[in-house]
Amino acid sequence: MDFDFEARTIIEALRSGIPSRAVGKYFAQARPRVLADIEHDITMVGKTGQSSGKIISGKYGEGKTHLLNTIFNYAHDNNMVVSMISLSKETPFNKLYDIYRKLMANTYLPGKKQPGFIHVFQEKLTLNSNISSNMLLYCLERLDTDRLFFLLKDYIHTNDMDEKALLQSDLEGDFIPNTMVKSIYFRVFNQRAKFKVNFVKSRHYQDYYYLMSNLFKNLGYDGWVILFDETELLGRLGNKTRMDAYRNMGRFLFPADSLESVYTLFAISSSYVEDVIEGKKDNAVIDKYFSETPEVYLKVIEKIKEADQLSPLTEDEMRSILSKIVLFHFKSYDWHTEVDMNDFYDKVSAGGYLLRSKIRAAIEYLDILYQYRMKSHITINKIDSTIFEKEFSDE
Amino acid sequence: MDRIKDIIMVGNDIIPMQNNSSDRIVDFWNARYLHEFIPAGGSKIKFVTGLEESGKTSMLRQATAEAKEAGFLTVFFSARDIWLYDFKFVFFEILRQARLEHLIIRCSDAIIRQMGFDSANIPTGKTFIDFLASENRNDALERLEIRNLLRKRFKENPVMDNSFAIACSLLCGDCLGQPKLEPESKEHIFAWLTGQKGFRVTSLRPLGFSPVRISKFNARRMLMSLCELARISGYAGLFIAIDDVDVLVDKANYGLLHYTKMRREDTYESIRELVDDIDNFNNIMFVFGFDRSLIDDEKMGLKSYQALWMRIQNEVVSERFNKFADVIDLNRLASSMYTPEMLIELSQQLCSNVKEGKIPVPINADMAEQILTLSRLNGKSIPLLVRQATLGSLMEKQEQ
Numbered sequence: 144m145d146f147d148f149e150a151r152t153i154i155e156a157l158r159s160g161i162p163s164r165a166v167g168k169y170f171a172q173a174r175p176r177v178l179a180d181i182e183h184d185i186t187m188v189g190k191t192g193q194s195s196g197k198i199i200s201g202k203y204g205e206g207k208t209h210l211l212n213t214i215f216n217y218a219h220d221n222n223m224v225v226s227m228i229s230l231s232k233e234t235p236f237n238k239l240y241d242i243y244r245k246l247m248a249n250t251y252l253p254g255k256k257q258p259g260f261i262h263v264f265q266e267k268l269t270l271n272s273n274i275s276s277n278m279l280l281y282c283l284e285r286l287d288t289d290r291l292f293f294l295l296k297d298y299i300h301t302n303d304m305d306e307k308a309l310l311q312s313d314l315e316g317d318f319i320p321n322t323m324v325k326s327i328y329f330r331v332f333n334q335r336a337k338f339k340v341n342f343v344k345s346r347h348y349q350d351y352y353y354l355m356s357n358l359f360k361n362l363g364y365d366g367w368v369i370l371f372d373e374t375e376l377l378g379r380l381g382n383k384t385r386m387d388a389y390r391n392m393g394r395f396l397f398p399a400d401s402l403e404s405v406y407t408l409f410a411i412s413s414s415y416v417e418d419v420i421e422g423k424k425d426n427a428v429i430d431k432y433f434s435e436t437p438e439v440y441l442k443v444i445e446k447i448k449e450a451d452q453l454s455p456l457t458e459d460e461m462r463s464i465l466s467k468i469v470l471f472h473f474k475s476y477d478w479h480t481e482v483d484m485n486d487f488y489d490k491v492s493a494g495g496y497l498l499r500s501k502i503r504a505a506i507e508y509l510d511i512l513y514q515y516r517m518k519s520h521i522t523i524n525k526i527d528s529t530i531f532e533k534e535f536s537d538e
Numbered sequence: 097m098d099r100i101k102d103i104i105m106v107g108n109d110i111i112p113m114q115n116n117s118s119d120r121i122v123d124f125w126n127a128r129y130l131h132e133f134i135p136a137g138g139s140k141i142k143f144v145t146g147l148e149e150s151g152k153t154s155m156l157r158q159a160t161a162e163a164k165e166a167g168f169l170t171v172f173f174s175a176r177d178i179w180l181y182d183f184k185f186v187f188f189e190i191l192r193q194a195r196l197e198h199l200i201i202r203c204s205d206a207i208i209r210q211m212g213f214d215s216a217n218i219p220t221g222k223t224f225i226d227f228l229a230s231e232n233r234n235d236a237l238e239r240l241e242i243r244n245l246l247r248k249r250f251k252e253n254p255v256m257d258n259s260f261a262i263a264c265s266l267l268c269g270d271c272l273g274q275p276k277l278e279p280e281s282k283e284h285i286f287a288w289l290t291g292q293k294g295f296r297v298t299s300l301r302p303l304g305f306s307p308v309r310i311s312k313f314n315a316r317r318m319l320m321s322l323c324e325l326a327r328i329s330g331y332a333g334l335f336i337a338i339d340d341v342d343v344l345v346d347k348a349n350y351g352l353l354h355y356t357k358m359r360r361e362d363t364y365e366s367i368r369e370l371v372d373d374i375d376n377f378n379n380i381m382f383v384f385g386f387d388r389s390l391i392d393d394e395k396m397g398l399k400s401y402q403a404l405w406m407r408i409q410n411e412v413v414s415e416r417f418n419k420f421a422d423v424i425d426l427n428r429l430a431s432s433m434y435t436p437e438m439l440i441e442l443s444q445q446l447c448s449n450v451k452e453g454k455i456p457v458p459i460n461a462d463m464a465e466q467i468l469t470l471s472r473l474n475g476k477s478i479p480l481l482v483r484q485a486t487l488g489s490l491m492e493k494q495e496q
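Those protein sequences? They're chains A and B, same order as listed. If you're matching positions, the first sequence starts at 144 in the working numbering and goes up one per residue. If you're matching positions, the second sequence starts at 97 in the working numbering and goes up one per residue.
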């Protein structure tokens, strides 16, 4: 049987309702404006080196994750490093030093299907290489602390594999004690390393983000795209920790100059404003706990409220998607039949309000037609999507 | 090789049955997935459920046998034997059944072929390098070529984890004799890959790589790499069947693998991560088998972990059975596919296979109709009712 593998991958992913990069590539085009804006921003980040961030919001099943996957592909195609994580209980956004470790573990270099970048360090950060000297200079001039200067210097000069591995794991987010950085420095250079500022990870972790943003540029990539999915899970955090998370979002949305060529995108549920910002009275929390610096938090909350919405697709957009699905289904299983597109549209639109349900109904319709060569009545049951609301109200 | 079509249990005997409804799904998977999508680089997770004796295990075994025949490296295990809450246990079991050494040998044979030789000509106990030396061809160029092929196959492979790739490259190099590893180093690599307790990963640093311990955080990545190793060893891919996942809600299970609430949730989380990540896998098919209780039990079952249930549940239902469905409910399948004639045939097969115990009587058309109605009314598995009717217990129950 002749079949088109890419089309089959898309149909399989759509049938399962799972986020897929292959799907993202084709179907986010249904939202040309949002996509064009983001692509423009990413291109500007690559060209100017100026970092920026954005929030997109949408209902469950409206295609937020698919959009992130599209951006993932776009960034890779444009020679950018991509890190993508979903926020969760285990990935709390109030602790950016923990987030750093997760991000590093989910960092993909262009053209790579597996995450990981340390092997590139091993090849490029060698004694007397230009990259090494640039990085050391950067650490001295641009970072808040000089720990990373000593750490990188240790890394470049040590011949001890154990030490190298320890330093590598530190760069990946498993921070080693300051004393260890100093003792390696003493062993390698026979001099004492004196930190100008005592490095505390909970206070100075940003240096690691700055370093990585600069390092990726130095390694020849055009920038670093960071994608955060399921941002609405911030709603699970307590009042104060949620505010910490807002402050941290601000670091990406309104980045400092030291963060170079980084584009950050947060995907958040559209119910967040009602469920959390209003439901949990975020403004009152700010007044109560952070009355001296409310603007830091208010700016982020405002940005969430103004986030670009992935609105439900128009009839034209939906019809365009359905035509593509029909075409992909035919290519997937090397078959063809006449499909009355008006009848098809009516059947798919009859039940369910989520894009996910409509797409699954479309695939089911074609599946049955393919297997039995006849139409079948399709019912779309209501999907239980009350998960987030339930969890928010539990707190 | 005789093809096992299906089985049902009669006492302790396993009776092969033909023309079972799940055959049709396995045949369908065979055509659409095992011979087309997965070998071409696709990945898929399927779930098989149903009531007691609806043929779940037999379907999983049958699909595994089909996958083996289609050139897959197959793995089958019961969730009653292996913890599922931490994916590293799943990975280690898959790796054990995949026989890593065997895969490395297949890989080195492929490299030998690429260099224009046949591994069958290499005397037992000799490496490829020994063989080249005996042919006066053990020169720097040939050795460089081996290293290049190893690098391309492993280290530059974009689908493999870097540490996993280096480990395989070293093992494969050792198998070829270029470069030869110290026995202790080889043991260390295996100890790391198989997660041996008490093993220090730092002991691998002298070999030039610094892996982190295989944990629940990186085990899926290791499995992706193993899948790629299977592919470059000449397999069509990896087929993994995990049966008895309903052990998670089995209150009566006081065995070694008793799931607490925390471990149950960790298991659901781990399956969710696998579902979300499946698009990043190539050449792999997972099939999970479980009793309907895993869906129906609202307190402990899949529905108790919304994030997973949201992904598995399919809100779309049609009158006809969709053989592409990710969740195959064997009871629904049976009621949509079995005809009275098929039930009579099943009963006759059963009669010809029962050798001792109760004297079986094949069912007639009336009884077949009754069974279909009973199954619809009581939600009981059709093969179970056929067995009961054929062996008399259904009649006895009805008379009572």
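Glycine included, each C-beta is placed from N, C-alpha and C at the ideal position.
Taking the DSSP output, what are the residues bridged to B/Trp179? Counting from 1 along the second sequence, the entry for residue 179 of chain B is found at position 83. As computed with DSSP, B/Trp179 is found in no beta bridge at all.
DSSP three-state call for B/Asp98: helix, strand or coil? Position 2 of the second sequence, counting from 1, holds the residue named residue 98 of chain B. At B/Asp98, the pLDDT of 32 sits below 50, so the modelled position is not reliable; the number obtained from the coordinates is stated separately. Note: B/Asp98 maps to coil in three-state DSSP.
May I ask you to list, following chain order, the residues of the stretch 250 to 277 of chain B that have a beta carbon less than 7 Å from some beta carbon of chain A? Answer in chain order: Pro254, Val255, Met256, Asp257, Asn258.
Residues within the stretch 149 to 168 of chain A neighbouring chain B, beta-carbon criterion of under 8 Å: So the close ones are Arg151, Thr152, Glu155, Ala156, Arg158, Ser159, Gly160, Ile161, Pro162, Ser163, Arg164, Ala165.
Report the neighbours of A/His520 on chain B: residues whose CB is nearer than 8 Å to its CB, in chain order. Taking the first sequence and counting its residues from 1, one reaches residue 520 of chain A at position 377. Per Cβ cutoff of 8 Å: Ser414, Glu415.
Could you give the DSSP three-state label for A/Tyr496: helix, strand or coil? Position 353 of the first sequence, counting from 1, holds the residue named residue 496 of chain A. In this structure, A/Tyr496 counts as coil in the three-state DSSP scheme.
Please check the pair B/Leu536 and B/Leu303, which I expect to be a contact at CB under 8 Å, by giving their CB distance rounded to whole angstroms. An answer regarding residue 536 of chain B cannot be provided, because it is not within the stretch 97 to 496 covered by chain B.
Do B/Arg360 and B/Met396 come within 9 Å of each other at the CB atom, strictly closer than that value? Along the second sequence, one-based indexing puts residue 396 of chain B at 300. Along the second sequence, one-based indexing puts residue 360 of chain B at 264. Yes, these two residues count as a Cβ contact at 9 Å.
Contact list for the stretch 296 to 316 of chain B against chain A, Cβ threshold 8 Å: For the stretch 296 to 316 of chain B, which is checked against every Cβ of chain A, the residues closer than 8 Å are Thr298, Arg301, Pro302, Gly304, Ser306, Val308, Phe313, Asn314.
Taking Cβ positions only, does A/Glu507 come closer than 9 Å to chain B? Translated into the one-based positions of the first sequence, residue 507 of chain A becomes position 364. A/Glu507 counts as touching chain B.
Let me know the secondary structure DSSP gives B/Ile111 once reduced to three states. Position 15 of the second sequence, counting from 1, holds the residue named residue 111 of chain B. Its pLDDT being 45, under 50, B/Ile111 is placed unreliably by the model, and nothing is read from it.
Against chain A: residues of the stretch 408 to 441 of chain B by CB proximity under 8 Å: Residues passing the 8 Å Cβ filter: Gln409, Asn410, Glu411, Val412, Val413, Ser414, Glu415, Arg416, Asn418, Lys419, Phe420, Asp422.
DSSP three-state call for B/Thr223: helix, strand or coil? Here residue 223 of chain B refers to the residue found at position 127 when the second sequence is read from its first residue. In this structure, B/Thr223 counts as coil in the three-state DSSP scheme.
Quick one: what does DSSP say B/Val423 is sitting in, helix, strand or coil? In the second sequence, counting from the first residue as 1, residue 423 of chain B sits at position 327. In this structure, DSSP gives B/Val423 an extended state, which the three-state scheme calls strand.
Cutoff 8 Å; reference B/Arg247; Cβ partners in own chain excluding five residues on either side: Position 151 of the second sequence holds residue 247 of chain B. Around B/Arg247: Ser265.
CB of A/Lys442 to nearest heavy atom of the ligand PLP: below 8 Å? This structure does not include the ligand PLP; it has no bound ligands of any sort.
Quick one: does A/Pro258 have its CB under 9 Å from some CB of chain B? In the first sequence, residue 258 of chain A corresponds to position 115, counting from 1. Answer yes: the Cβ-Cβ gap between A/Pro258 and chain B drops below 9 Å somewhere.
Please list, in chain order, the residues of the stretch 326 to 356 of chain B that have any C-beta partner in chain A closer than 7 Å. Here the close residues number zero.
Check whether the Cβ atoms of A/Glu205 and A/Ser413 sit closer than 9 Å, and answer yes or no. The residue labelled residue 205 of chain A in the question sits at position 62 within the first sequence. The residue labelled residue 413 of chain A in the question sits at position 270 within the first sequence. The Cβ atoms of A/Glu205 and A/Ser413 sit closer than 9 Å to each other.
Could you name the residues of the stretch 117 to 147 of chain B whose beta carbon sits closer than 7 Å to any beta carbon of chain A, in the order they occur along the chain? Close to chain A, meaning a Cβ-Cβ distance shorter than 7 Å, are the following residues of the stretch 117 to 147 of chain B: Glu132, Phe133, Ala136, Gly137, Gly138, Lys140.
Using only the alpha-carbon positions, how far apart do A/Asn524 and A/Leu512 sit? As a working mapping, residue 524 of chain A is identified with position 381 in the first sequence. As a working mapping, residue 512 of chain A is identified with position 369 in the first sequence. Rounded to whole angstroms, the separation of the alpha carbons of A/Leu512 and A/Asn524 is 20 Å.
For A/Tyr328 and A/Thr250, what's the separation of their Cα atoms in angstroms? Reading the first sequence from its first residue, position 185 is the one you call residue 328 of chain A. Reading the first sequence from its first residue, position 107 is the one you call residue 250 of chain A. C-alpha separation (whole angstroms): 28 Å.
So, with DSSP's three-state summary, where would you put A/Tyr406? Against the first sequence, residue 406 of chain A aligns to sequence position 263. Of the three classes helix, strand and coil, the one that applies to A/Tyr406 here is strand, per DSSP.
Return the bridge partner residues of B/Lys140 from the DSSP annotation. For the purposes of this step, residue 140 of chain B is taken as residue 44 along the second sequence, with counting starting at 1. Bridge partners of B/Lys140: B/Met381.
Contacting positions in the stretch 368 to 401 of chain B - beta carbon closer than 7 Å to chain A: Those residues of the stretch 368 to 401 of chain B that come within reach of chain A (Cβ to Cβ, closer than 7 Å) are Val371, Asp372, Ile374, Asp375, Asn376.
Considering only DSSP beta bridges, list what B/Gly146 is partnered with. Residue 146 of chain B sits at position 50 when you count from the first residue of the second sequence. Its beta-bridge partners are B/Asp387.
Relative to the C-alpha of A/Thr301, which residue among A/Trp478, A/Lys325, A/Phe342 is closest? Within the first sequence, numbered from 1, the residue matching residue 301 of chain A stands at position 158. For A/Thr301, the closest alpha carbon among the candidates A/Trp478, A/Lys325, A/Phe342 is that of A/Lys325.
Closest to B/Arg472 by CA distance: which of B/Lys347, B/Arg428, B/Asp182 is it? Locating residue 472 of chain B in the second sequence gives position 376, counting from the first residue. The option with the nearest alpha carbon to B/Arg472 is B/Arg428.
Assign A/Met223 to one of three DSSP states: helix, strand, or coil. The residue you call residue 223 of chain A lines up with position 80 of the first sequence. DSSP places A/Met223 in coil when its eight states are reduced to three.
Cβ neighbours of A/Tyr476 in the same chain (closer than 7 Å, five flanking residues each side left out): The residue given as residue 476 of chain A occupies position 333 in the first sequence. The answer, listed in chain order, is Phe146, Tyr513.
Quick one: does B/Met497 have its CB under 9 Å from some CB of chain A? As displayed, chain B neither begins before 97 nor continues past 496, which places residue 497 of chain B out of reach and without an answer.
Endpoints, alpha helix (DSSP H) assigned at B/Ser321: Here residue 321 of chain B refers to the residue found at position 225 of the second sequence. B/Ser321 -> alpha helix (DSSP H) spans 315 to 328.
Rounded distance between the beta-carbons of A/Ser401 and A/Gly366, thought under 8 Å: Stepping through the first sequence from its first residue, residue 366 of chain A is reached at position 223. Stepping through the first sequence from its first residue, residue 401 of chain A is reached at position 258. Rounded, the Cβ-Cβ distance is 15 Å, inconsistent with contact.
Helix, strand or coil at A/Glu532 [DSSP, three-state]: Along the first sequence, read from residue 1 onward, the residue named residue 532 of chain A stands at position 389. The predicted model places A/Glu532 with a pLDDT of 39, which falls under 50 and marks its position as unreliable, so this point remains unresolved.
Chain-ordered chain A contacts of B/Met320 [CB-CB under 9 Å]: Counting from one through the second sequence, the residue named residue 320 of chain B turns up at place 224. Lys256, Gln257, listed in chain order.
Boundaries of the beta strand (DSSP E) in which A/Gln452 is found, first to last residue: Mapped onto the first sequence, residue 452 of chain A falls at position 309. Per DSSP, A/Gln452 belongs to the beta strand (DSSP E) from 451 to 453.
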